[in-house]
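S.K.: Taking the working numbering, I'd label the letters of the sequence shown as residues 13 to 301. Don't be surprised by glycine CBs; every beta carbon is placed ideally from N, CA and C. Structure provided below as structure tokens; questions to follow.
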Amino acid sequence: MNKKIMIGGGVFLVAAVLCIFLIIKMYAEESVATVNGEEIEKEDLYDLLVSQYGDEALDSLITSKIVQLEAEKNDIDVSQEDIDEEMAIYYDQYGGEEAFQSTLEESGVTIADFKEDLEEYLAMNQLLKDRISVTDEEKEAYFEENKESFNQPEQVTARHILTETKEEAQTVLDKLEEGEDFADLAAEYSTDDTTSESGGDLGTFGEGEMVEAFDKAAFSMEAGEVSDPVETEYGFHIIEVTDRTDAKEAVYEDVEEEVTDALYDSKLNEEYSVWLEEKMTEYEINNNL
């Protein structure tokens, strides 16, 4: 199962709603807000959340409990090392630990919530792995059907220094031309808190992933070039392209491991639904919502 499917936006929503339910439960006062002295009662908020999200949130809790009980029954243990390895993949995909945590916070989810969901995914993966097999014939067919998704697009690796004004950006550019270090200047001048401490590193990205002006500038540069100030809605950027990768059509032998992973995730998604339906009949579940 693709982890982003299982522990992506939908689970973020459920986790956020469950946090609100908990806050309501712990809230000492009956009133949760007032408007011109008119009270909004705790019970009113609770009823609204139950009517809008109650079924989804409760279903999430029920399925989590089933996975937990099945993992205990089958002596499945997810180690901290397993979790750390998976978290490292997410940090890399989102441009670092701070950037990933910022993404979570925007969705109303803490890093602890995410790790708990990830631990559940890893346990579920162990529960289902013996039910899934991937043959060479299936891999080759999957590759042919989805070949475009494995093609390598043109990409650049870049770093940047973001300033509030064009004058500040020009100051940074002047210092770079005088031989000062890009990473040091990023730490000193950049207002991008998610990258300033890592030398302004943005990692590798494809065309269309950045805002238009930034994207256009980065993809017009060669490796080793530094841009003039580039204005976007965020401020003024000094961009350095550190590497470029040309677009390349996928060759099966080169991407076989990726194909295997993609096909396995797809099958895991399907098998999870079948497995969960089976378990729902095995457990005595009383929904009192």
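Which residue wins for smallest C-alpha separation from E51, given the options L57, Y58 and S43?
M.R.: Indexing the sequence shown from 1 puts residue 51 at position 39. If we check each option's Cα against that of E51, S43 comes out closest.
S.K.: Could you pull out every residue in the same chain whose Cβ sits closer than 8 Å to the Cβ of I78, ignoring the five residues on either side in sequence?
M.R.: By one-based count along the sequence shown, residue 78 stands at place 66. So the list reads L288, K291, M292 and Y295, once near-sequence residues are dropped.
S.K.: With which residues is R171 paired in a DSSP beta bridge?
M.R.: By one-based count along the sequence shown, residue 171 stands at place 159. Looking at the DSSP assignment, R171 forms a beta bridge with D213 and E252.
S.K.: Only counting runs of 4 or more residues, tell me where the alpha helix (DSSP H) segments fall wholly within the segment 99–133, in order along the chain.
M.R.: The qualifying runs are 109–118.
S.K.: Report yes if the C-beta distance between R171 and L130 is below 8 Å; otherwise report no.
M.R.: Within the sequence shown, residue 171 is the residue found at index 159, counting from 1. Within the sequence shown, residue 130 is the residue found at index 118, counting from 1. For R171 and L130, no; Cβs fall outside 8 Å.
S.K.: Could you tell me the alpha carbon to alpha carbon distance between A235 and E190, rounded to whole angstroms?
M.R.: Residue numbering aside, residue 235 sits at position 223 when the sequence shown is read from its first letter. Residue numbering aside, residue 190 sits at position 178 when the sequence shown is read from its first letter. Cα to Cα, the separation comes out at about 19 Å.
S.K.: Taking E84 as the reference, which of M136, D125 and G120 has the closest Cα?
M.R.: Here residue 84 corresponds to residue number 72 of the sequence shown, with the count starting at 1. Minimum Cα distance to E84 is reached at M136.
S.K.: Residues in its own chain within less than 6 Å of A195 by CB, not counting five upstream and five downstream?
M.R.: If you number the sequence shown from 1, residue 195 lands on position 183. Correct list, in chain order: G211.
S.K.: Touch check for the segment 155–163 and the segment 117–129: three-plus C-beta pairs under 8 Å?
M.R.: Result no; under three Cβ-Cβ pairs closer than 8 Å.
S.K.: Please classify T206 as buried or exposed, where buried requires at least 16 neighbouring CB atoms within 10 angstroms.
M.R.: By one-based count along the sequence shown, residue 206 stands at place 194. Classification for T206: buried.
S.K.: Assuming contact is defined by CB atoms lying nearer than 8 Å, are L140 and E283 in contact in what I supplied?
M.R.: For this step, residue 140 is matched to residue 128 along the sequence shown. For this step, residue 283 is matched to residue 271 along the sequence shown. A contact, by the Cβ cut-off of 8 Å.
S.K.: If we count Cβ pairs, one from each stretch, closer than 8 Å, do we get three or more for the segment 172–192 versus the segment 257–264?
M.R.: Taking 8 Å as the limit for Cβ pairs, the verdict is that the segment 257–264 does not touch the segment 172–192.
S.K.: Between the Cα of V271 and those of A225, E245, V168 and N163, spot the shortest distance and give me the residue it belongs to.
M.R.: For the purposes of this step, residue 271 is identified with residue 259 of the sequence shown, where counting begins at 1. Checking every option, the nearest Cα to that of V271 belongs to N163.
S.K.: Would you say L301 and L70 are within 8 Å of each other, going by their C-beta atoms?
M.R.: The count along the sequence shown starts at 1 and reaches residue 301 at position 289. The count along the sequence shown starts at 1 and reaches residue 70 at position 58. In contact: L301 and L70 (Cβ atoms closer than 8 Å).
S.K.: Count the CB pairs spanning the segment 213–228 and the segment 236–256 that are closer than 8 Å, and state whether there are at least three.
M.R.: Taking 8 Å as the limit for Cβ pairs, the verdict is that the segment 236–256 does touch the segment 213–228.
S.K.: Between which two residues does the alpha helix (DSSP H) containing V238 stretch?
M.R.: Against the sequence shown, residue 238 aligns to sequence position 226. Element bounds for V238: n/a, residue is neither H nor E.
S.K.: Does DSSP put A259 in a helix, a strand or coil?
M.R.: Taking the first residue of the sequence shown as 1, we reach residue 259 at position 247. Note: A259 maps to coil in three-state DSSP.
S.K.: Going by beta carbon distance, what residues of the same chain come within less than 7 Å of I297, once the five residues before and after it are set aside?
M.R.: Taking the sequence shown and counting its residues from 1, one reaches residue 297 at position 285. Contacts found: I74.
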